[in-house]
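Asker: Take this structure first; my questions come after.
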Amino acid sequence: MGNFSVFATGPALVSLISITPSTSRPITTLVTTHRESTMGNFSVFVTGPASVNLMSFTPSTNRPITILLATYPNALLPNSPRFYRPNGDRKDYYYYHAIQVTVSTDGAYSLASVSGINTMGYLYDTSFDPSNPSASLLISSDNGGIRGGFRINYVLSSGRQYILVVTTSQASLTGDFWILARGPALARLTSIAPPPTSKQYYFLFLLMDETNIASIVLGVVAGFYSTIFLLCLSDVVHLNKEMTKMKHELEDLRNQSIIFNRSSFVDSSNKILLTRTNISGKLCLSYDEQRQILEYINFICNMAILLFGSYSIYVHGIGTHHGLAYRLFFFICKLCTIIASIWLNLHFKKGLPSDIFLYIWIDINCVVSIYRSLRQII
């Protein structure tokens, strides 16, 4: 007797086996593949001190192997919770979906994903803490599934709770996915949404990167301008009523002037009547009223730019070209408003507006934002 080495070549990798056979007892060697449903030709070789007879046979069993399949569809959305992946970059956050996995029969189970995006899977024992994603982690996988999905093969115990966390291989990706669970019994897959704890509130604070902070700041500023716009709209309604009242008063004054001039000054009546007619036939607005209307338009443009800009930054990140056409349109309207305001001040000899430098600073920031978007498109 002596040591024999058995190895095989075929469509999958097979490890070398060193055995010491007995002359009175046969030895069965099983050849299979690492991945399921893989087929192909293979060869078995045996090296040793003597010749070995190799016979192929199909074993019979009274207990057939049963594999049951459970499916679970869901999606990663922009409002899904986010976390830092274990051993990942702290600057990137990933959307995730947590699934509770329970089985009624002990055995080897396979958890695979099917998705149009590259997904990753993390299997946890008993609990999952997004602020500490490395705790209770059993196994992870980023490949082996279908269409860039993951596959986790693990021996699950009945009466024990497992947490499967589905996320993506790239930051901020969203999309649909399916989870396929195979095993000796049907696996129960249930979506879980644990209530936020103090640690999770702290973790959400840590997620406040430059994109989120910029979105919050722009949202607050947009809300401020929205409030001012509503107040200005109320002033416009009041101004319209006052203008209507002034028009009626001018009409009464014109009628009284006509009666007075016909009875007292016949020679000068034509000139005064012509002047009053010109006044009542035109929309007469003072410098302050015209400037206030221009400020209303400027507020509307600012609010529109901030709303479109904050939404685009929150959804697509800083420098995105999303909503560029709307931002560019309101930016041009804003420039026209500023030019009209400067002309109004010069026409009434009031000098430049006191807040012209604030307007220039805001417009420079708008130009920079639009330039970044155009540069990204190019």
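If you want the numbering used here, it's the 1-based position in the sequence shown plus 50.
All C-beta atoms, glycine included, are put in the ideal place defined by N, C-alpha and C.
When DSSP labels each residue in this structure, what does G157 get in the three-state scheme?
Answerer: If DSSP states are grouped into helix, strand and coil, G157 belongs with the strands.
Asker: Could you check if Y15 is buried or exposed, using at least 16 other CB atoms within 10 Å of its CB as the buried criterion?
Answerer: Residue 15 falls outside the range modelled here, since the chain spans only 51 to 428, and no answer is possible.
Asker: Taking the alpha-carbon of T152 as reference, which of K141, T240 and V81 has the nearest alpha-carbon?
Answerer: Considering only alpha carbons, the answer is T240.
Asker: Check S191 in the structure and name its three-state DSSP category.
Answerer: Of the three classes helix, strand and coil, the one that applies to S191 here is strand, per DSSP.
Asker: Starting from D175, follow its DSSP beta bridges and name the residues at the other end.
Answerer: In the DSSP output, where bridge partners are listed per residue, D175 has Y212.
Asker: Using 8 Å as the threshold, is the C-beta distance between A120 and A243 below it?
Answerer: Going by C-beta atoms, A120 is not nearer than 8 Å to A243.
Asker: Within a Cβ cutoff of 6 Å, which residues of the same chain sit near A354, ignoring the five residues on either side of it in sequence?
Answerer: Within the same chain, A354 has close Cβ partners F380.
Asker: Would you mind sorting I216 into buried or exposed? The rule is 16 or more other CB atoms within 10 Å of its CB.
Answerer: The sequence given here places Val at residue 216; Ile does not occur at that position. The residue is buried, with at least 16 neighbouring Cβ atoms inside 10 Å.
Asker: Give me the DSSP bridge partner(s) of Y122.
Answerer: DSSP output for Y122 lists I229 as bridge partner(s).
Asker: Would Y172 pass as a contact of S190 if the rule is Cβ separation under 8 Å?
Answerer: Yes, these two residues count as a Cβ contact at 8 Å.
Asker: Give the straight-line distance between the Cα atoms of P234 and I117, rounded to the nearest whole angstrom.
Answerer: Answer to the nearest angstrom: the Cα atoms are 5 Å apart.
Asker: Could you check which residue in L357, N348, G157 and S177 has the C-alpha nearest to that of L208?
Answerer: Residue 208 is actually Ser in this sequence, not Leu. Per the Cα distances, G157.
Asker: Do you know offhand how far F178's Cα is from L126's?
Answerer: C-alpha separation (whole angstroms): 18 Å.
Asker: Using only CA atoms, which one of Y346, Y376 and E345 lies nearest to L357?
Answerer: Closest by alpha carbon: Y376.
Asker: Here's the rule: buried if 16 or more other CB atoms are within 10 angstroms of the residue's CB, otherwise exposed. What is R210?
Answerer: Its Cβ having fewer than 16 others within 10 Å, R210 is exposed.
Asker: Tell me which residue opens and which closes the beta strand (DSSP E) that Q150 is part of.
Answerer: Unbroken beta strand (DSSP E) run through Q150: H147 to T152.
Asker: When DSSP labels each residue in this structure, what does A237 get in the three-state scheme?
Answerer: In this structure, A237 counts as coil in the three-state DSSP scheme.
Asker: Measure the CB-CB distance between M170 and T97 and report whether it falls below 8 Å.
Answerer: Taking 8 Å as the Cβ cut-off, M170 and T97 do not qualify as a contacting pair.
Asker: Distance, Cα to Cα, A185 vs D175?
Answerer: The alpha-carbon atoms of A185 and D175 are separated by roughly 9 Å.
Asker: List the whole-angstrom C-beta distance separating I229 from Y159, where the pair is believed to meet the contact cut-off of C-beta under 8 Å.
Answerer: Not a contact, Cβ separation roughly 12 Å.
Asker: Could you have a look at L378 and say whether DSSP puts it in helix, strand or coil?
Answerer: Of the three classes helix, strand and coil, the one that applies to L378 here is helix, per DSSP.
Asker: Measuring only the C-alpha atoms, how far is M105 from V94?
Answerer: Their Cα atoms are separated by approximately 11 Å.
Asker: Count the other CB atoms, across all protein chains shown, that sit within 10 Å of the CB of T387; report buried if there are 16 or more and exposed otherwise.
Answerer: Classification for T387: buried.
Asker: Less than 6 Å between C-beta atoms, sequence neighbours within five positions excluded: which residues of the same chain meet that for S248?
Answerer: Reliability of the predicted coordinates at S248 is poor, the pLDDT of 43 falling under 50, and the value obtained from them is presented with this limitation in mind. Closer than 6 Å at Cβ, skipping near neighbours: no residue.
Asker: Mapping DSSP to helix, strand and coil, what is M296?
Answerer: DSSP places M296 in helix when its eight states are reduced to three.
Asker: Buried or exposed, going by whether 16 or more other CB atoms sit within 10 Å of the CB of H397?
Answerer: When all chains shown are included, H397 counts as exposed.
Asker: Apart from the five residues just before and just after R232, which ones in its own chain have a Cβ nearer than 6 Å to its Cβ?
Answerer: I117, L119 and S160.
Asker: With a threshold of 8 Å on Cβ separation, who are the neighbours of A390 within its own chain once the five nearest residues in sequence on each side are excluded?
Answerer: Hits under 8 Å: L344.
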